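Once you know that position 451 of the sequence shown is 451 in UniProt numbering, the rest is easy, because the numbers rise by one and skip nothing.
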Amino acid sequence: MINKFPKSSTPDCLHPLTGKSHSQPLFSLSAAAAARQDAPRLDNRRINEVNSNNVTDSRLSREFVHSMSLNDAASPGVVVQINRSGRTEIVSRSQDVTVQEGMSAILSCRLRNHQYTKITWRKTEPDAFVVRQDEKFDVSMAPNGEARLIVKNTRASDSGLYVCYVENSLHQSQNLQCTIGLSVVASPTPIHDDPILSIVNSTTVKITWSPPNPCIVEYCQIGSSDWVTETKAPVLPSYEVGNLLAGETYSFRLVNPTTGLTGVSSLSVTLPTNDMELWQQQHFSHRYTIVSELGRGKSSVVRLARDTGTGQLVASKQISRNFQSFAQTQAEYKVIAAIQHTNIVKGLCLYQNAPHPGTDTIVMEYVHGPYLLSYICKNEEYTETTVQFFMKQLLHGISWLHSRKILHLDIKSENILVDVSNIYSPVLKIIDFGNHVRYELGEKVPANNLEFVAPEVVADKPLSGGTDMWSVGVFLYVFLSGVSPFLDDSEEETSANILKGDYCFPEDYFRGISAEAIVFVQKLLVLNPEERLTVDQCLAAPWIVQVKAFSCNFLLQN
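As structure tokens, this is what we get:
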């Protein structure tokens, strides 16, 4: 045992393996960078991610929700900056908004190169204040670059000018802003908010609203800016709009026949291409009951669900077609459905355009436990033997993949879980084969989490099994020390560290770690992929072969 520390009741607890204070975050900058400073600069982002049990990758983003249409060109009130070297641009904004009192108002602008931006909304006239997320205001940034402000349950006092300020952390000299006016008018009669939609068949949608005042119904096919008036005269709720195009996406809104004011456009709905898709939606809703949300990723939401027939808990990965095509989702499912290995999560079934159109769902086995590193951090202590125990499982899973010519290409802490159904014998589980699918389809593999990415990915060179092994080396380095070997202040510096192989083993973080473990890491973090240890060579290495049985004293603490 390297270190053993009593459980601390204070926030300033100690890292179980290295003995570093948790008042300093568990994961930090590049160890090489930290070693060049008197005191390491530590990154709070990583510790927050790892100590959270919520699933999916570190760049969390809200699922795309269709909003009111944006202008194709820059609009009045938009200050546009020319895009140079990744500079942010505001390319369009919503028109000034007029709503009836009590309704929600949506203000939005669309950005290009928004990855490093900070968005702040302010009301400037007639009263000035900074808009903050609460029951009144909903502030969001979608992955497609749409900055959105929803003002709920509007009142006359909400009228005024709202400004979206955009800051670019890479180009701090940029000062972008977008001004949108909001007018809230008195409502002569009780009004509805968002209309509620339900799909009747592949060409028909039922629309209802509350309170049940007669309204005129309009719809818009997504991709077109034209709103079509469905009913010339007012109609009552539960009205069916027919003769729509199967497979197309629509949004609906209601018009007050007295004032002529339009309501908030509905969320978009994609019609099934045929009745088989509608059957899949109905089958999914009858078979599975959603229990809770496990986490969100860039293109998907993972939810815990229960099979109503068997009572079995499953993970439901719901993937928006706004971010990933059905062909990609189907390819990902085919990979995990064919897997027969205890250390890799298995796919159970695939639903197309379900639970609702525009979303495909992969049903997978549910892993009863958190991220492996989160699991480790919740315990009072762990030893190098603990690291060896889990690394052997990780290598066995990768060996099964490589023996079948399958590259994972996204080995990182967020994709390594641990099943603690049996706390005396926890099982490591590898998840997420999205990058493998992109590689097989001939697409460029993205550097989603740069600190784990191999040099050949950064340099856009051919990939191989050695690409996975580099990521294994980074994960092992983090597992042993609690710091990241290459992570630095910016993506540019992190990329440079990776391409140069610039890392070291600071004594403060590797005190008590065996020479065999350090050599093992060094043989994985080699710039030339052909010179790295293969997965079979790793499994034959003495440091892995000598793994002992799992210690029953190491249990998940609640």
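Ideal placement from N, C-alpha and C gives every residue a C-beta, glycine not left out.
These numbers were taken from a predicted model, which means no experiment stands behind them.
1) With DSSP as the reference, label Asp158 as helix, strand or coil.
2) Per DSSP, Lys206 is paired with what?
3) Using only alpha-carbon positions, find the residue among Val91, Thr329, Phe323 and Ala315 that is nearest to Lys346.
4) What residue does the beta strand (DSSP E) around Lys346 start on, and which one ends it?
5) Can you tell me which residues form a DSSP beta bridge with Gly181?
6) Near Pro542, what residues of its chain come up, given a Cβ to Cβ distance below 6 Å and the 5 sequence neighbours on each side ignored?
7) Give me the Cα-Cα distance between Tyr366 and Tyr351, rounded to the nearest whole angstrom.
8) In whole angstroms, what separates the C-alpha of Phe195 from that of Glu218?
9) Tell me the DSSP secondary structure of Val545 in three-state form.
10) Could you give the residue range of the beta strand (DSSP E) that holds Leu313?
11) Specify, as a first and last residue, the run of the alpha helix (DSSP H) that Phe520 falls within.
12) Quick check on DSSP: helix, strand or coil for Met103?
13) Out of Ser104, Ala105, Tyr116 and Ile90, which has the shortest C-alpha to C-alpha gap to Ser490?
14) Please return the same chain residues whose Cβ sits closer than 6 Å to the Cβ of Ser292, not counting the five positions on each side in sequence.
15) Residues bridged to Glu365 by DSSP?
16) Looking at Ser495 and Val437, is the spacing between their C-beta atoms short of 8 Å?
17) In this structure, how does DSSP classify Thr120 when only helix, strand and coil are distinguished?
18) Quick one: what's got a C-beta closer than 7 Å to Asp307's C-beta in the same chain, skipping five residues either side?
19) To the nearest angstrom, how far is the alpha carbon of Ile430 from that of Gly397?
20) Excluding the 5 residues flanking His402 on each side, which residues of the same chain have their C-beta closer than 6 Å to its C-beta?
21) With a Cβ-Cβ cutoff of 8 Å, do Val269 and Cys215 count as a contact?
22) Helix, strand or coil, according to DSSP, for Gln221 in the structure here?
23) Thinking C-beta only, is Leu428 closer than 8 Å to Leu372?
24) Is it a yes or a no for the segment 321-340 touching the segment 383-392, going by three-plus beta-carbon pairs under 8 Å?
25) In or out: Glu49 buried (at least 16 other Cβ within 10 Å) or exposed?
26) Between the beta-carbon of Val200 and the beta-carbon of Cys178, is there less than 8 Å?
27) Based on Cα-Cα distance, which residue from Ile290, Gln100, Lys206 and Asn353 lies nearest to Phe252?
28) What's the gap between the Cα of Gly442 and the Cα of Ser238?
29) In angstroms with no decimal places, state the Cα-to-Cα distance between Ser425 and Gly434.
30) On a CA-only basis, which of Asp508, Phe505 and Pro485 is nearest Ile498? Give me that one, please.
31) For Val453, which of Ala338, Thr208, Leu525 and Leu261 has the nearest alpha-carbon?
32) Could you spell out where the alpha helix (DSSP H) holding Glu384 opens and where it closes?
33) With a floor of 3 residues, list each beta strand (DSSP E) that falls wholly inside the segment 417-495, ordered by position along the chain.
34) Excluding the 5 residues preceding and the 5 following Ala186 in the sequence, name in chain order all residues of the same chain whose CB lies nearer than 6 Å to its CB.
35) Closest to Val301 by C-alpha separation, out of Leu271, Phe284 and Thr361, would be which residue?
36) Would you mind stating whether Ser471 and Ile411 have Cβ atoms separated by less than 8 Å?
Reading from the atomic positions:
1) In the structure shown, Asp158 sits in a helix (DSSP, three-state: H, G or I).
2) Paired residue(s): Ser198 and Glu240.
3) Answer by Cα proximity: Ala315.
4) That residue, Lys346, is in no beta strand (DSSP E); it is neither H nor E in DSSP.
5) For Gly181, which the question treats as bridged, DSSP gives the partners Leu161.
6) Around Pro542: no qualifying Cβ.
7) Looking at the two C-alpha atoms, the distance is approximately 17 Å.
8) For clarity, residue 195 is Pro in the given sequence; the question names Phe instead. Computed Cα separation, rounded: 11 Å.
9) If DSSP states are grouped into helix, strand and coil, Val545 belongs with the helices.
10) Leu313 -> beta strand (DSSP E) spans Leu313 to Ser320.
11) Here the alpha helix (DSSP H) through Phe520 covers Ala515 to Leu524.
12) Looking at Met103 - three-state DSSP - the assignment turns out to be coil, as it is neither helix nor strand.
13) That would be Tyr116, whose Cα lies nearest to the Cα of Ser490.
14) The answer, listed in chain order, is Leu304.
15) According to DSSP, Glu365 bridges with Val314.
16) Result no, Cβ atoms of Val437 and Ser495 do not sit closer than 8 Å.
17) Thr120: strand per DSSP, three-state reduction.
18) Excluding its 5 nearest sequence neighbours in each direction, Asp307 has C-beta neighbours in its own chain below 7 Å: Arg287, Tyr288 and Val314, listed in chain order.
19) Spanning the two alpha carbons is a distance of roughly 7 Å.
20) Shown here for His402: same chain residues with a beta carbon closer than 6 Å to its own, the five before and five after excluded, namely Gly465 and Val535 in chain order.
21) Cys215 sits away from Val269, with the two beta carbons spaced by 8 Å or more.
22) Gln221 carries a strand assignment under DSSP once its states are collapsed to helix, strand and coil.
23) Cβ atoms of Leu372 and Leu428: closer than 8 Å.
24) Counting Cβ pairs under 8 Å, fewer than three are found: no touch.
25) Here Glu49 scores only 43 on pLDDT, less than 50, and its place in the model should not be relied on; the value that follows carries that caveat. Counting C-beta atoms within 10 angstroms of its own C-beta, Glu49 has 16 or more neighbours from the protein chains shown and is therefore classed as buried.
26) Going by C-beta atoms, Val200 is not nearer than 8 Å to Cys178.
27) When Ile290, Gln100, Lys206 and Asn353 are compared, the shortest CA-CA separation from Phe252 is found for Lys206.
28) Looking at the two C-alpha atoms, the distance is approximately 46 Å.
29) For Ser425 and Gly434, the distance between alpha carbons rounds to 29 Å.
30) Minimum Cα distance to Ile498 is reached at Pro485.
31) For the residues Ala338, Thr208, Leu525 and Leu261, the minimum Cα distance to Val453 belongs to Leu525.
32) It spans Glu384 to His402 - the alpha helix (DSSP H) in which Glu384 sits, taken as one unbroken run.
33) If you keep only unbroken beta strand (DSSP E) runs of at least 3 residues inside the segment 417-495, you get 427-430.
34) Around Ala186: Glu101.
35) Out of Leu271, Phe284 and Thr361, Thr361 has the C-alpha closest to the C-alpha of Val301.
36) Yes, Cβ-Cβ distance for Ser471 and Ile411 is below 8 Å.
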